[in-house]
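This report concerns only the one structure given below.
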Amino acid sequence: MVKKISIILIVALNFVLAQKVSVKSTETIQLKNSGEAFYPKFTKDDSGIIFTSSNYKGLSLYNFATKREEVITTEQGAGFRPQIMADNIVYRKFDFVNKLKYFTVKNYNIENKTAKVLIKNKRTLKLPNQIVTSKILLVEDSVPQMIKVSEKSLQKASLPNIALLIEGDDLLLIENERKTKLNPLGEGAYVWASLSNDGTKILFTFGTQGAFVCDLNGNVILNVKEAHYPKFSPDDKFISYMIDKDDGHVFTSSDIFIYSIDDKESFRITDTDNKIEMYPEWSNSGDKLVYNTTQGELIISELEIKK
1 MVKKISIILI VALNFVLAQK VSVKSTETIQ LKNSGEAFYP KFTKDDSGII
51 FTSSNYKGLS LYNFATKREE VITTEQGAGF RPQIMADNIV YRKFDFVNKL
101 KYFTVKNYNI ENKTAKVLIK NKRTLKLPNQ IVTSKILLVE DSVPQMIKVS
151 EKSLQKASLP NIALLIEGDD LLLIENERKT KLNPLGEGAY VWASLSNDGT
201 KILFTFGTQG AFVCDLNGNV ILNVKEAHYP KFSPDDKFIS YMIDKDDGHV
251 FTSSDIFIYS IDDKESFRIT DTDNKIEMYP EWSNSGDKLV YNTTQGELII
301 SELEIKK
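So the sequence shown is residues 1 to 307, counted in the numbering used here.
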């Protein structure tokens, strides 16, 4: 009898955990003008989604209210990790001059639909992953510098000016415009590094070992195996990620998952045979994920999360 009760309790516990994160609805956004959408992100007020092409050329904005697409820019490289602020989008584009690549960082105002050049025509100019306030941190010739780009700030003023930068295979922490080599797991390939929203933790993928969370001193806190493209939820209690497979040339499968840091459990968000879903990003409300397929479809899953 004791054994039967124990089994029942375990089954009941697993059922509760399985119901902690579930999908309420899934919607494919119908894009009328754009042929494809990749690497989508919600705007800060969740009123729209910005997206780019498969090779990061151009940047567009889809507005939920009007159900229309707006072209922000068609410039090369503009879709590679743009930084979204309260009323601005900061992006980096590139041009070739005499076979040499030059970078320019621009600040696009969402309301008046104009772009202002912040720094132009630099050979080495990087836009790190960072917590964006009213300022943006840029790295030119390995030297970090802070530039004010907005009058609004959605983040707490007490948050430190920190950013993450991957140079080669090294993970660098930039704190108050000073760079420190971190590499919490030693030498290897660090990718998809980002900061928690409270500025106290770092999330990254390391080689084939999955995603890791560490503190700002490089002390590893947890590991989510097989997790690629990990992202903290707005409350830093969950991590979205994808598990993708390839044959060495093309992706053969990919699905979206959510990991609960408190419960140490993963929850499957997609399970399709005919779609390869990738690159999930959280809404700022924390109840939606947006992602794309390898065919360039833009999909939103509305979540029910029991806390």
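All C-beta atoms in this analysis are idealised placements derived from N, C-alpha and C, irrespective of residue type, glycine included.
Rounded to whole angstroms, the gap between the alpha carbons of V224 and F206 is 11 angstroms.
In terms of Cβ geometry, G210 and A189 do not form a close pair [threshold 7 angstroms]. Listed in chain order, the non-local C-beta contacts of F94 below 6 angstroms within the same chain comprise Q76, G77, K101, F103, local neighbours out to five positions each way being set aside.
Per DSSP, reduced to three states, the secondary structure at L31 is coil, with no helix or strand assignment. Residue environment: D273 is assigned as exposed (fewer than 16 neighbouring CB atoms within 10 Å of its CB, all protein chains considered). In this structure, T26 and S301 form a Cβ contact; the two beta carbons are roughly 5 angstroms apart against a cut-off of 8 angstroms. With a 10 Å radius around the Cβ and a threshold of 16 neighbouring Cβ atoms, Q295 comes out exposed.
When DSSP reads this structure, P234 sits in no beta bridge, so it has no partner. Inter-segment contact for the segment 131-149 and the segment 46-59 is absent: fewer than three beta-carbon pairs are separated by less than 8 angstroms. Annotated as proximal: P230 and L203, with beta-carbon spacing under 7 angstroms. The C-beta distance from N107 to A115 rounds to 7 angstroms, short enough to fall under 8 angstroms. The continuous beta strand (DSSP E) containing E281 extends over residues 277-282.
The three-state reading of DSSP puts S134 in coil, since its state is none of H, G, I, E or B. With contacts defined as CB atoms closer than 7 angstroms, G218 and L165 fail to qualify as a contacting pair. Cβ neighbours of G286 within its own chain (closer than 7 angstroms, five residues either side excluded): S233, P234, D235. Taking C-alpha positions only, L118 is separated from M85 by approximately 15 angstroms. Judged by their CB atoms, E281 and K24 are not nearer to each other than the 7 angstroms cut-off. E277 sits close to Y291, with the two beta carbons spaced by under 7 angstroms. Here H228 carries a strand assignment [DSSP, helix/strand/coil]. In the three-state reduction of the DSSP assignment, D247 falls in the coil class, being assigned neither a helical nor a strand state. If you check the CB distance, D215 and K237 do not come in under 7 angstroms. By the criterion of a C-beta distance shorter than 8 angstroms, I239 is surrounded in its chain by L203, A211, V213, V224, A227, P230, K231, F232, S233, I258, Y259, I261, once the five residues flanking it on both sides are discounted. When secondary structure is reduced to three states using DSSP, Y91 falls in the strand class. A direct Cα-to-Cα measurement between V220 and D46 gives close to 32 angstroms. DSSP places I239 within a strand segment (E or B) once states are collapsed to three. In the structure shown, A189 adopts coil according to DSSP, grouped into three states. Bridge pairing for T294: absent [DSSP]. Between N129 and A193, the beta carbon gap of about 6 angstroms places them in contact (Cβ cut-off 8 angstroms).
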